[in-house]
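Engineer: Here it is: the structure, laid out below.
Structure below.
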């Protein structure tokens, strides 16, 4: 099922939420930023682990 979302309608709804419930919007915004931060950290950690596995033999040879 294709879902079409009218961006101008969403924009207006967000503006209304900001005007009428600023604290709710702030909490939602912080939650989204926190989730993005966690995802970025997880991606970085995975990259580090992959590189350590990839160069494991080199690290052991240098030790």
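Residue numbers (our numbering): 1 to 63. Glycine included, each C-beta is placed from N, C-alpha and C at the ideal position. Here the structure is a predicted model, which is why all the values come from computation and not from measurement.
Could you tell me the alpha carbon to alpha carbon distance between residue 5 and residue 19, rounded to whole angstroms?
Structural biologist: Stepping through the chain shown from its first residue, residue 5 is reached at position 5. Stepping through the chain shown from its first residue, residue 19 is reached at position 19. Distance between the alpha carbons of residue 5 and residue 19 is about 22 Å.
Engineer: Can you give me the C-alpha to C-alpha distance between residue 33 and residue 26, rounded to a whole angstrom?
Structural biologist: Counting from 1 along the chain shown, the entry for residue 33 is found at position 33. Counting from 1 along the chain shown, the entry for residue 26 is found at position 26. Using only the alpha carbons, I get a separation of about 11 Å.
Engineer: What is the DSSP secondary structure of residue 61, counted as helix, strand or coil?
Structural biologist: For this step, residue 61 is matched to residue 61 along the chain shown. Three-state DSSP puts residue 61 in a helix.
Engineer: Return yes when the Cβ of residue 24 is within less than 8 Å of the Cβ of residue 17, no when it is not.
Structural biologist: Walking along the chain shown from the start, residue 17 turns up at place 17. Walking along the chain shown from the start, residue 24 turns up at place 24. The answer is yes: Cβ separation under 8 Å.
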